[in-house]
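>
2 protein chains.
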Amino acid sequence: MSYRNIMALKYLTQKLAKTIDEELMSQAGGFSVDQLMELAGLSVAQAITKVYDKSRYSRILICCGPGNNGGDGLVAARHLFHFGYEPNIFYPKQTKNELYQRLITQCNNLDIPFTNNLPDQLKQNDLVVDAIFGFSFTGEIRAPFDQVIQELKETKLPIASIDIPSAWDVEKGNISGHGFTPAMLISLTAPKLCAKQYNGVHFLGGRFVPPKLEKKYDLQLPLYPGTEQVIDITNLSGEKL
Amino acid sequence: MSYRNIMALKYLTQKLAKTIDEELMSQAGGFSVDQLMELAGLSVAQAITKVYDKSRYSRILICCGPGNNGGDGLVAARHLFHFGYEPNIFYPKQTKNELYQRLITQCNNLDIPFTNNLPDQLKQNDLVVDAIFGFSFTGEIRAPFDQVIQELKETKLPIASIDIPSAWDVEKGNISGHGFTPAMLISLTAPKLCAKQYNGVHFLGGRFVPPKLEKKYDLQLPLYPGTEQVIDITNLSGEKL
Chain A
1 MSYRNIMALK YLTQKLAKTI DEELMSQAGG FSVDQLMELA GLSVAQAITK
51 VYDKSRYSRI LICCGPGNNG GDGLVAARHL FHFGYEPNIF YPKQTKNELY
101 QRLITQCNNL DIPFTNNLPD QLKQNDLVVD AIFGFSFTGE IRAPFDQVIQ
151 ELKETKLPIA SIDIPSAWDV EKGNISGHGF TPAMLISLTA PKLCAKQYNG
201 VHFLGGRFVP PKLEKKYDLQ LPLYPGTEQV IDITNLSGEK L
Chain B
1 MSYRNIMALK YLTQKLAKTI DEELMSQAGG FSVDQLMELA GLSVAQAITK
51 VYDKSRYSRI LICCGPGNNG GDGLVAARHL FHFGYEPNIF YPKQTKNELY
101 QRLITQCNNL DIPFTNNLPD QLKQNDLVVD AIFGFSFTGE IRAPFDQVIQ
151 ELKETKLPIA SIDIPSAWDV EKGNISGHGF TPAMLISLTA PKLCAKQYNG
201 VHFLGGRFVP PKLEKKYDLQ LPLYPGTEQV IDITNLSGEK L
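Chains A and B supply the protein sequences, listed in that same order.
Everything in the first sequence is counted per UniProt numbering, starting at 1 for the first residue and increasing by one.
Everything in the second sequence is counted per UniProt numbering, starting at 1 for the first residue and increasing by one.
Structural data, given as structure tokens:
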């Protein structure tokens, strides 16, 4: 581990997370949503393989929300399929947007099942990926996701959350008490403030931040190893520090 | 190595390569150019790290042509940067298309130098990536690429070609005699017929082909290991078989 890796991580406010995301996809940043979502979803899938071996956790239920977090989940489902897992997708509020329709088509072409019955699926899978809400979430949790969150809170399956545990406040954590605590968190680009209260297995993905942008916002990103798209930051993060 | 891996690889005609590419990006296939180019470029960068260690081959000159092969090269340059290499880009015929302009912006934001002086660059780099022409190339090689190919033929630097060695006929190989023989070839999706005449280090990238599409065209793809985006097919391919 390099010196840089033992420095403190920077945790982003909701506003800063939004600013960085917009900057990457601005004309000056040059990225398309397609590109960043592809790399984000790939990093999620790769992180999951490092913690949940397919010999024991082959059936993975991806629960997708209506926004970009759900899109990351759809991409992750596709890569998990290619990595030899058996993903199932629960996506109750599908987005009409062309990108999302294409991501659905890609999963359909792999015969990844889309399901409407969450309770049944929770009995038939080994792991849940929480791709419901990401860093941009605000306000009340509306139906059907209030019920979805409740069912995830009750399941005994391990849950891997993308970017933030859904139903947590992006900055303050599980203040409503309605949220669940996932077994694994995969932060994207940089961890959000709520992750300071998270003590489980924690990976970081999103190896695409230009050093200039990192410096501008003093992100203190860890050094990714080799050609990995993810890095295990469990021991760098959370209250343990 | 699994049984499947020792079966013969299928080598694509130019027409079949085009058909598969179009099918992936059709409404039925659902992929955008952005997505596939991102995965292709990432696989190229990953393959290069496996053969050319950055301690010895840190400075990499990416020679980009005007089409998609050049775009793959721009994406590879970006990932090579994130993997700790020092890419330089020679891109004499830049495409005005919005996607390519964004890929250039992404490289500019990493301060990857764009250069116009090929002879100088060939003195200052450790490795060349040939991203000039891909499977769709036909006809005569026009200026400035005739001269570029000649200079690559004369260089003593190792060359890694993306998809096909530029100036080779996609099916018949180096029939004009104007082409060079790269030290490494990174085929994308599936090798093209010309690769049968190639005896160097050979990787395959493009881990996104749906099994149904693979079956439809009897592609006989090897099984990618772990979460790798590439597989070494050196011993499965070429005249040696």
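Cβ atoms here follow ideal geometry from the backbone N, Cα and C, with glycine treated the same way.
(1) Does the stretch 205-212 of chain A come within contact of the stretch 108-115 of chain B, defined as at least 3 CB pairs closer than 8 Å?
(2) On the DSSP bridge list, what partners appear for Leu185 (chain B)?
(3) Within 10 angstroms of the Cβ of Lys172 (chain B), are there 16 or more other Cβ atoms? Answer buried if so, exposed if not.
(4) Using 9 Å as the limit for Cβ to Cβ distance, is Phe133 (chain B) near chain A?
(5) Do Ile159 (chain B) and Leu188 (chain B) count as a contact pair if the criterion is CB distance below 9 Å?
(6) Output needed for Arg59 (chain A): all residues of its chain with C-beta closer than 6 Å, excluding positions within five of it in sequence on either side, in chain order.
(7) Does the beta-carbon of Glu140 (chain A) have 16 or more other beta-carbons within 10 angstroms, so that it is buried, or is it exposed?
(8) Determine, using beta carbons only, whether Met184 (chain A) and Gly206 (chain A) come nearer to each other than 9 Å.
(9) State the CB to CB distance for the pair Gly65 (chain A) and Phe133 (chain A), rounded to an integer number of angstroms; the pair is presumed to be in contact (CB under 8 Å).
(10) Based on the DSSP secondary-structure assignment, which residues constitute the bridge partners of Glu86 (chain B)?
(11) Quick check on the burial criterion: 16 or more other C-beta atoms within 10 angstroms. Buried or exposed for Lys96 (chain A)?
(12) Across the stretch 37-45 of chain A and the stretch 69-78 of chain A, are there enough close Cβ pairs to call them in contact, namely three or more that are closer than 8 Å?
(13) Phe83 (chain B) and Lys54 (chain B): beta carbons closer than 9 Å?
(14) From the beta carbon of Leu127 (chain B), is the nearest beta carbon of chain A less than 9 Å away?
(15) Spatial neighbours of Leu221 (chain A) within its chain, please: C-beta separation below 6 Å, excluding the five flanking residues on both sides.
(16) What is the DSSP secondary structure of Arg4 (chain B), counted as helix, strand or coil?
(17) Let me know the secondary structure DSSP gives Leu122 (chain B) once reduced to three states.
(18) What does Leu157 (chain A) reach in chain B if we use C-beta pairs closer than 8 Å?
(19) Which residues in chain B sit within 7 Å of Gln220 (chain A), going by Cβ to Cβ distance?
(20) Taking Val44 (chain B) and Ile186 (chain B) to be in contact with their CB atoms under 8 Å, please state how far apart those CB atoms are, rounded to whole angstroms.
(21) Give every residue of the same chain whose Cβ lies closer than 8 Å to the Cβ of Leu16 (chain B), excluding the five residues on either side of it in the sequence, and list them in chain order.
(22) Quick check on this structure: which residue in B:Gly67, B:Ser26, B:His79 has the alpha carbon closest to the alpha carbon of Gln94 (chain B)?
(23) With H, G and I counted as helix, E and B as strand and the rest as coil, what does DSSP make of Ile112 (chain A)?
(24) May I have the straight-line CA-CA distance separating Thr105 (chain A) from Lys153 (chain B), to the nearest angstrom?
(25) Could you name the residues of the same chain whose beta carbon sits closer than 7 Å to that of Pro11 (chain B), not counting the 5 residues immediately before and after it, in chain order?
(26) Between Lys240 (chain B) and Ser176 (chain B), what straight-line distance do the alpha-carbon atoms span, to the nearest angstrom?
(27) Starting from Ala47 (chain B), trace the alpha helix (DSSP H) in both directions and tell me its first and last residue.
(28) Return the Cβ separation of Arg102 (chain A) and Gly179 (chain B) in integer angstroms, given the expectation that the two are a contact with Cβ distance under 8 Å.
(29) For Gln46 (chain A), decide whether its Cβ has a neighbour in chain B, counting only Cβ atoms nearer than 9 Å.
(30) Determine the contact status of Ile231 (chain A) and Phe208 (chain A), defining contact as a CB-CB distance below 9 Å.
(31) Can you tell which of B:Ser26, B:Asn117, B:Asp169, B:Asp34 has its C-alpha closest to the C-alpha of Thr13 (chain B)?
(32) Put Val209 (chain B) into one of helix, strand or coil per three-state DSSP.
(33) What residues in its chain sit with their C-beta under 7 Å from that of Pro182 (chain A), if we drop five residues either side in the sequence?
(34) Identify whether Asp232 (chain B) lies in helix, strand or coil by the three-state DSSP scheme.
(35) Does the beta carbon of Gly97 (chain B) sit closer than 9 Å to a beta carbon anywhere in chain A?
(36) In the DSSP assignment, find the unbroken beta strand (DSSP E) run with Leu127 (chain A) in it and report its ends.
Once the coordinates are examined:
(1) yes
(2) Note: Leu185 (chain B) sits in a beta bridge opposite B:Ser161, B:His202.
(3) Under this definition Lys172 (chain B) is an exposed residue.
(4) Taking CB atoms only, Phe133 (chain B) has no neighbour in chain A less than 9 Å away.
(5) no
(6) Glu86, Asn125, Asp126
(7) By the 16-neighbour rule on beta-carbons within 10 angstroms, Glu140 (chain A) is exposed.
(8) no
(9) The pair is a contact, with the Cβ atoms about 5 Å apart (cut-off 8 Å).
(10) Glu86 (chain B) is bridged to B:Arg59.
(11) exposed
(12) yes
(13) yes
(14) no
(15) Glu214
(16) Caution applies to Arg4 (chain B), whose pLDDT of 45 falls short of 50 and renders its modelled position unreliable; the model cannot decide the point.
(17) helix
(18) Chain order gives no chain B residues near Leu157 (chain A), where near means a beta carbon separation below 8 Å; the closest approach is about 22 Å.
(19) Within chain B, no residue has its beta carbon less than 7 Å from that of Gln220 (chain A); the closest one is some 17 Å off.
(20) 5 Å
(21) Tyr217
(22) B:Gly67
(23) In the structure shown, Ile112 (chain A) sits in coil (DSSP, three-state: anything other than H, G, I, E or B).
(24) 43 Å
(25) First, the residue type needs correcting, since residue 11 (chain B) is Tyr and not Pro in the sequence shown. Once the five neighbours on either side are set aside, the close Cβ partners of Tyr11 (chain B) are Pro191, Lys192, Leu193, Ala195, Lys196.
(26) A caution first: Lys240 (chain B) carries a pLDDT of 45, below 50, which makes its placement in the model too unreliable to give a value.
(27) Taken as a continuous stretch (DSSP letters only), the alpha helix (DSSP H) holding Ala47 (chain B) covers 33-51.
(28) That pair is no contact at about 37 Å.
(29) yes
(30) no
(31) Thr13 (chain B) has its Cα closest to that of B:Asp169, out of B:Ser26, B:Asn117, B:Asp169, B:Asp34.
(32) coil
(33) Asp130, Ile159, Ala160, Ser161, Pro165, Gly200
(34) Strand, per DSSP.
(35) Note that residue 97 (chain B) is Asn in the sequence shown here, rather than Gly. Judged by the 9 Å Cβ criterion, Asn97 (chain B) is not in contact with chain A.
(36) 127-131
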